[in-house]
Ligand SMILES: *Cc1c(COP(=O)(O)O)cnc(C)c1O
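See below:
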């Protein structure tokens, strides 16, 4: 029995079956590579779902986390500590607008905070939330209620919340659905879990306009898109649109659990004392990790790397001619390979056999979201291997 098979058997006996059993067991990581328990090396092109911003074992992250855990690992919110304040100040500086921050431990919790915040801020007569079809906002009951992926939402309702779903990217549908009884509109700048679905240009400006006209809060979920992934600190900055509430998580602390809910203007003041809380939120170790991530992105100019290396990846993929590959979409280091058939799982497996970790985000869509530290040479290595990967996955391209 291989080390992987043995661990899979123990996993199945001890853990709930909600994930299914992963095919690969990882043992360690270094730079942009990880090794499995069999000793095989992979180029990490998924970064733990757009989380490992600095790759693995980055010296700045290791130093920040080890020093902080040795100094003070936890305080709870009964006590102040400087790292949390420093991180909030740093985020406000990057956002360049008057705002306040609440820290949580995950994306779903950041959206739960946003949900409570917009309810607190809403005037009388507002009774429903507008969200988008196929969106993903998290797995707890509040975040799931506003998630537009019916397959994961429907088995767990009703949620006791009036949520209306409009087609993503459709400004007219939004104008129709949002009125002065809408509490908030929740939207992603690009739908990540739906398969990196980018809306038409001007969509975020449409959301801003509809919310301004009706007084509904504009909540932008940048949990996957934020912190450099698109080649900008935050995706909304490229669109020139400021939301009322912004949620962050995934890449913010480079692998440590964190979530953040940012309220701009009056939304930063909407919670009264006692309205919300978290035992672990703003944890010193997670805050120190996030500070190291933000400092390193700045110092190593990883925004430029994300933009340039992302373009190189897209251009390289576009040159690959295989009947299975329809094209590539996305921004920065956040890309989707679009397939002509539902063979994403086969592409994911073939890529792993060639030493690359990618993700079958949908039956016919493969997601690539590497660390922001990925190099042009590493991306070129993947592009060179792609024809063979597609050939194996497509069974030799019988369609062509
Ligand atoms: C991953 C994700 C979430 C949920 O974050 P968790 O940390 O898994 O709770 C919410 N919104 C978006 C856009 C995400 O990509």
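Residue numbers (full-length UniProt numbering): 1 to 400.
Just so it is clear, CB atoms sit at the ideal spot from N, CA and C, and this is done for glycine as well.
Could you tell me which whole beta strand (DSSP E) segments of length 3 or greater appear in the region 286-361? 325-331, 334-339
Beta-bridge partners of residue 31, as assigned by DSSP: 56
Output the distance between the C-alpha atoms of residue 12 and residue 21, rounded to the nearest integer angstrom. 7 Å
Element boundaries [alpha helix (DSSP H), containing residue 85]: 82-95
Could you tell me whether any Cβ in chain D is nearer than 8 Å to the Cβ of residue 391? Absence of chain D from the displayed structure is noted, only one protein chain being present.
Simplified DSSP state of residue 272, which is helix, strand or coil: coil
Residue 127 versus residue 266 - alpha carbon distance: Straight-line Cα distance between these residues: approximately 20 Å.
Per DSSP, cross-strand counterpart(s) of residue 248: 260
Whole angstroms is fine: what's the gap from residue 117's alpha carbon to residue 142's? 12 Å
Measuring from the CB of residue 229, is there a heavy atom of ligand 1 at a distance below 7 Å? no
For the beta strand (DSSP E) containing residue 217, name the first residue and the last one. 217-221
Going by CA-CA distance only, name the one from 69, 357, 295 that's closest to residue 90. 295
Let me make sure I understand the geometry here. Which of 24, 217, 269 has the alpha-carbon closest to that of residue 48? 24
Express the C-alpha separation of residue 44 and residue 352 in angstroms, rounding to a whole number. 10 Å
Relative to the alpha-carbon of residue 53, which residue among 221, 290, 149, 74 has its alpha-carbon at the smallest distance? 290
Which residue from 366, 218, 59 puts its Cα closest to that of residue 174? 218
Can you tell me whether residue 18 is helix, strand or coil according to DSSP? helix
To test your reading of the DSSP string, which unbroken beta strand (DSSP E) runs of 3 or more residues are found completely within the region 153-181? 163-166
Delimiting residues of the beta strand (DSSP E) encompassing residue 128: Unbroken beta strand (DSSP E) run through residue 128: 128-132.
Contacts around residue 7, its chain only, beta-carbon distance under 8 Å, and the 5 residues preceding and following it disregarded: 25, 37
Identify every residue that forms a DSSP beta bridge with residue 187. 220
Cβ neighbour criterion (16 or more within 10 Å) applied to residue 395: Residue 395 should be labelled exposed.
Buried/exposed call for residue 74, threshold 16 Cβ in 10 Å: Looking at its Cβ environment, which holds fewer than 16 other Cβ atoms inside 10 Å, residue 74 is exposed.
Bounding residues of the beta strand (DSSP E) (the contiguous stretch that carries residue 101): 99-104
Taking 7 Å as the cut-off, is the CB of residue 335 close to at least one heavy atom of ligand 1? Distances between the C-beta of residue 335 and the heavy atoms of ligand 1 are all 7 Å or more.
Find out if the Cβ-Cβ distance for the pair residue 361, residue 195 is shorter than 8 Å. yes
Please classify residue 26: does DSSP put it in a helix, a strand, or coil? strand
Could you give the DSSP three-state label for residue 229: helix, strand or coil? coil
Whole-angstrom distance between residue 32 and residue 129, CA atom to CA atom: 40 Å
Three-state class that DSSP yields for residue 397 in the structure shown: Only weak support exists for where residue 397 lies, its pLDDT of 43 falling under 50; the value from the coordinates is given anyway. Correct three-state label for residue 397: coil.
Please report the straight-line C-alpha distance between residue 272 and residue 114, rounded to a whole angstrom. Across the structure, residue 272 and residue 114 are spaced so that their CA atoms are roughly 14 Å apart.
Three or more C-beta pairs closer than 8 Å, one from the region 149-165 and one from the region 94-102: is that the case here? no
When you compare only the Cα positions, how much space is there between residue 133 and residue 170? 11 Å
Provide the residue(s) that pair with residue 36 in DSSP beta bridges, ordered along the chain. Partner(s): 26.
Please go through the same chain and pick out, in chain order, the residues whose beta-carbon is closer than 6 Å to the beta-carbon of residue 297, but skip the five residues on each side of it. Taking C-beta separations shorter than 6 Å and ignoring five residues to either side along the sequence, the partners of residue 297 in its chain run 228, following chain order.
Straight-line gap, residue 331 to residue 230 (C-alpha atoms, nearest Å): 5 Å
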